[in-house]
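Note that the numbering used here has the sequence shown beginning at 3, numbered continuously upward.
Glycine is no exception: its CB is placed at the ideal position from the N, C-alpha and C atoms.
Note sheet for the following structure.
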Amino acid sequence: IEILVIHYFPKTWASWVAQLAQNINNKEVIPMEKHILKQNEIKITLSTLNKHGVEKINIRSIGKSITKNEIFSTTEADEILEYIERLEKNYNIYTTFNCFDTVEKNTVSDKDIKKIKFILLDIDPERPSGTASTDEQKEQAKKVFYNCLKFLEENGVKYHYTFDSGNGYHALIPVSIDANKVNQDTIK
3 IEILVIHYFP KTWASWVAQL AQNINNKEVI PMEKHILKQN EIKITLSTLN KHGVEKINIR
63 SIGKSITKNE IFSTTEADEI LEYIERLEKN YNIYTTFNCF DTVEKNTVSD KDIKKIKFIL
123 LDIDPERPSG TASTDEQKEQ AKKVFYNCLK FLEENGVKYH YTFDSGNGYH ALIPVSIDAN
183 KVNQDTIK
């Protein structure tokens with residue numbers, strides 16, 4: 003088991019569908035197979051991001067042979083829902099959750115991130131590259147994940163989302179810091 007991995011991904015692509023399956027106050031992880039596109043949960047997620055100062059998101063949709071990128075305001079819930087519903091079913095959908103600046107393009111790179119709004123806690127079982135976690139590996143990762151959440155709570159660190167990432171578990175920890183080298187190194 004990778005005991006604790008806290009990632010700062012400047013252009014953080016957290017699974018959109020996974021994030022949407024949780025409401026803010028729910029502490030129980032929802033299994034990946036139960037994730038479905040829920041319009042109300044998407045609106046709650048967008049509202050939460052907006053309340054934390056995330057004004058726009060980059061939705062990255064990865065299909066069999068094509069990757070699509072679109073930037074939306076977090077206040078454009080209906081437009082985002084329409085966009086997602088138009089995608090083919092075999093797309094994996096990801097989104098940013100940190101503040102970025104882009105003007106002339108539809109994708110976000112590391113240098114576009116200006117403010118870090120969330121840190122991703124990512125717990126995955128150690129396994130060979132390109133393989134899915136076994137049920138036993140995932141159960142071990144779940145134990146480590148809940149121990150990490152307990153540690154965070156005991157030390158006054160709040161988190162908003164917990165979710166099944168497919169091979170492990172994620173939590174989003176809200177922060178509000180500049181995306182500079184010192185802060186990035188501190189998070190790592």
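Pull up the CB-CB distance for residue i and residue j, whole angstroms please, since I reckon it's below 8 angstroms.
| i | j | result |
| --- | --- | --- |
| Ser135 | Gly170 | 7 angstroms |
Within the same chain, show all residues whose beta-carbon is closer than 6 angstroms to that of residue i, passing over the 5 residues directly before and after it, in chain order.
| i | result |
| --- | --- |
| Gln41 | Leu83 |
| Met34 | Note that Met34 scores 43 on pLDDT, short of 50, meaning its location in the model is unreliable and no value can be drawn from it. |
| Ile125 | Ala143, Val146, Phe147, Gly170 and Tyr171 |
For residue i, I'd like the list of residues in its chain whose CB is within less than 7 angstroms of its CB, leaving aside the five on either flank, ordered along the chain.
| i | result |
| --- | --- |
| Arg129 | Ser135 and Gln139 |
| Asn28 | Because the pLDDT of Asn28 is 44, which lies under 50, any placement of that residue in the model is unreliable, and the number read from its coordinates should be weighed accordingly. Counting only Cβ-Cβ distances below 7 angstroms, and skipping sequence neighbours, we find nothing. |
| Asn185 | Ile118 and Ile179 |
| Asn149 | none |
| Glu81 | Phe74 |
| Val110 | Lys13, Asn60, Thr98, Phe102 and Thr104 |
| Val211 | In the structure as shown, the chain begins at 3 and stops at 190. Residue 211 is therefore absent and cannot be evaluated. |
| Lys45 | Ala79 |
| Ile72 | A small correction: the amino acid at residue 72 is Glu; Ile does not occupy that position in the sequence shown. Counting only Cβ-Cβ distances below 7 angstroms, and skipping sequence neighbours, we find Ile61, Tyr85 and Asn108. |
Among the options, whose alpha-carbon lies nearest the alpha-carbon of residue i?
| i | options | result |
| --- | --- | --- |
| Lys70 | Phe99, Lys183 and Asn108 | Asn108 |
| Asp180 | Ile64, Phe120 and Ser49 | Phe120 |
| Arg62 | Pro176, Ile86 and Lys53 | Ile86 |
| Tyr163 | Gly55, Ile59 and Phe99 | Phe99 |
| Leu51 | Cys101, Tyr96 and Glu141 | Cys101 |
| Asn94 | Gly65, Gly55 and Glu57 | Gly65 |
| Lys190 | Glu57, Leu122 and Ser111 | Leu122 |
| Asp103 | Asp187, Lys58 and Gly158 | Lys58 |
| Asn92 | Asp137, Ile68 and Glu81 | Ile68 |
| Val56 | Glu155, Glu43, Val177 and Tyr161 | Val177 |
| Thr97 | Leu48, His54 and Pro127 | Leu48 |
| Glu141 | Thr133, Leu151 and Pro127 | Pro127 |
Can you find the residues in the same chain that come closer than 8 angstroms, C-beta to C-beta, to residue i, ignoring five residues on each side of it along the sequence?
| i | result |
| --- | --- |
| Glu156 | none |
| Lys183 | none |
query = Do the segment 77-96 and the segment 116-123 make contact, defined as three or more Cβ pairs closer than 8 angstroms?
reply = no
inquiry  = Ignoring anything shorter than 3 residues, give me the beta strand (DSSP E) runs that lie fully in the segment 98-163, in order along the chain.
reply    = 115-125
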